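Worksheet: the structure to be examined is printed underneath.
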Amino acid sequence: ADVFPEFTPALATAMIEETRAFLTQRLSAAAPKLKDVTQSTESFVSDALASIYGIKTPSKAGGLTQLDVTQRLGILTQPAVIASHSGPTTTRLVKRGVFFTRKMMCLPLGLPPPGVNTTLPMTMNATERQRVESVTNNATCLGCHAFINPFGFMQENYDAIGRWRTTDQGQPIDASISVDFLDEGTLTTRTPVDALKGLTNSMRFQQCFAKQLFRF
Numbered sequence: 391a392d393v394f395p396e397f398t399p400a401l402a403t404a405m406i407e408e409t410r411a412f413l414t415q416r417l418s419a420a421a422p423k424l425k426d427v428t429q430s431t432e433s434f435v436s437d438a439l440a441s442i443y444g445i446k447t448p449s450k451a452g453g454l455t456q457l458d459v460t461q462r463l464g465i466l467t468q469p470a471v472i473a474s475h476s477g478p479t480t481t482r483l484v485k486r487g488v489f490f491t492r493k494m495m496c497l498p499l500g501l502p503p504p505g506v507n508t509t510l511p512m513t514m515n516a517t518e519r520q521r522v523e524s525v526t527n528n529a530t531c532l533g534c535h536a537f538i539n540p541f542g543f544m545q546e547n548y549d550a551i552g553r554w555r556t557t558d559q560g561q562p563i564d565a566s567i568s569v570d571f572l573d574e575g576t577l578t579t580r581t582p583v584d585a586l587k588g589l590t591n592s593m594r595f596q597q598c599f600a601k602q603l604f605r606f
C-alpha cells in the first residue's frame, strides 16, 4: 500500500474482471485460435483500468478497446497476469521468468543449489535487470538462469501492477533478449511485444499450451 497506493481491492477486482471477460469473449468464438488469446491487441479496459493502460477514453458499455500495439500483446501483457507474478513492491523478474519457463514453455527447472544466496543486492540507481544479472551471471546460476532471465527481462517494461514504464530507478529499461533453445532457431528481440510474438509463435510454446490444456 505504501509503494502502490493506487492498487486497491477495487482495482484488483477490475483487473480480474478484464481477464475473465477477455477469455470468455475469445473462447466463445465458433473456432477459437490460440493467437486470439496470445496476440490480441484489444481488451476490455474499464474506467478503473484506464490509468493502468495509459488510456484516456476506454470503450464504453463493456466494449473492446484498441490497445497500444507497441506496448501490449495478448493476455500475457494484461495487468492481472503481470501483477499476479510480481512482488509486492518490485517486478520480481526472476519470479516472472520462472512462471514463464515452467508454465508457458514447459522447460525443466530445478531449485537453486544449496547454500546459494538468492537475495538481490540493494544496489542504488540500478534496474532490477542489472541487479539480477549481477548475481546470476556465473556458471553456478546460469544452468537455470539462462532460461529464466530472458523471460523475466523481456517483461521489465511492466511495473509490479502492470503499467508500462521506460525507466527503473531512473535508469533506462533494457527489455532486449536473445534465446537459442527454440526449434525455429535463435530469437533476438528488443521489445516485450516482439519477444512475446516470437515466443507464442514457437512450436515449444504451442506444445506446452496443449500439454497444459490437457492437464487442466
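Numbering (our numbering), first residue to last: 391 to 606.
Every residue, glycine too, gets a C-beta built ideally from N, C-alpha and C.
This structure is a prediction, so every number in the text was calculated from the model and none was measured.
| Taking DSSP as the reference, what is the three-state secondary structure of T336? | The question about residue 336 has no answer here: the residues shown for the chain are numbered 391 through 606.
| Burial state of L417 (16 or more Cβ within 10 Å) | Working through the sequence shown from its first residue, we reach residue 417 at position 27. L417 is exposed by the Cβ-count criterion.
| request: Tell me, to the nearest whole angstrom, how far the beta carbon of S430 is from that of G464; I am working on the premise that it is less than 8 Å. | output: By 1-based counting over the sequence shown, the position of residue 430 is 40. By 1-based counting over the sequence shown, the position of residue 464 is 74. Contact between S430 and G464 holds: CB atoms are separated by about 5 Å, below the 8 Å threshold.
| request: Output the distance between the C-alpha atoms of I445 and V569, rounded to the nearest integer angstrom. | output: Along the sequence shown, read from residue 1 onward, the residue named residue 445 stands at position 55. Along the sequence shown, read from residue 1 onward, the residue named residue 569 stands at position 179. Rounded to whole angstroms, the separation of the alpha carbons of V569 and I445 is 33 Å.
| query | Just the Cα atoms here: how many angstroms apart are I442 and A550? | reply | For the purposes of this step, residue 442 is taken as residue 52 along the sequence shown, with counting starting at 1. For the purposes of this step, residue 550 is taken as residue 160 along the sequence shown, with counting starting at 1. Their backbone Cα atoms lie some 11 Å apart in a straight line.
| request: Give the secondary structure of S441 by DSSP, where H, G and I count as helix, E and B as strand, and everything else as coil. | output: The residue labelled residue 441 in the question sits at position 51 within the sequence shown. Of the three classes helix, strand and coil, the one that applies to S441 here is helix, per DSSP.
| said: Which residue marks the beginning of the alpha helix (DSSP H) containing I406, and which one marks its end? | reply: Here the question's residue 406 lines up with position 16 in the sequence shown. Here the alpha helix (DSSP H) through I406 covers 399-417.
| field | Sequence-distant residues of the same chain with beta carbon closer than 6 Å to Q468, five excluded per side | value | Position 78 of the sequence shown, counting from 1, holds the residue named residue 468. Excluding sequence neighbours, Q468 sits near T409.
| message | Distance check for P540 and P359, CA to CA, integer angstroms please. | response | The shown model of the chain, from 391 to 606, leaves out residue 359, and the question about it has no answer.
| Reduced DSSP secondary structure (H/G/I, E/B, other) of E432 | Walking along the sequence shown from the start, residue 432 turns up at place 42. Of the three classes helix, strand and coil, the one that applies to E432 here is strand, per DSSP.
| said: Which residue wins for smallest C-alpha separation from T576, given the options E407, G588, V583? | reply: As a working mapping, residue 576 is identified with position 186 in the sequence shown. Checked all of E407, G588, V583; the closest Cα to T576 is G588.
| query | If you follow the beta strand (DSSP E) that V569 is part of, which residue opens it and which one closes it? | reply | Here residue 569 refers to the residue found at position 179 when the sequence shown is read from its first residue. Element bounds for V569: 567-569.
| said: Would L603 and L466 qualify as a contact pair, given that the criterion is a beta-carbon distance under 9 Å? | reply: Translated into positions along the sequence shown, residue 603 becomes position 213. Translated into positions along the sequence shown, residue 466 becomes position 76. L603 is not a Cβ neighbour of L466, given a cutoff of 9 Å.
| Would you call the CB atoms of T481 and V393 closer than 9 Å? | To locate residue 481, count along the sequence shown from 1; it is residue 91. To locate residue 393, count along the sequence shown from 1; it is residue 3. Judged by beta-carbon spacing, V393 lies beyond the 9 Å limit of T481, meaning their Cβ atoms are not closer than that value.
| request: Please confirm whether V522 and F537 have their CB atoms less than 9 Å apart. | output: As a working note, residue 522 is residue 132 in the sequence shown. As a working note, residue 537 is residue 147 in the sequence shown. No. Outside cutoff.
| request: Evaluate G487 with the Cβ neighbour count: other Cβ atoms within 10 Å of its Cβ, from every protein chain shown; 16 or more gives buried, anything less gives exposed. | output: On the sequence shown, position 97 is the one that residue 487 refers to. For G487, the number of other beta carbons within 10 angstroms of its own is at least 16, and it is reported as buried.
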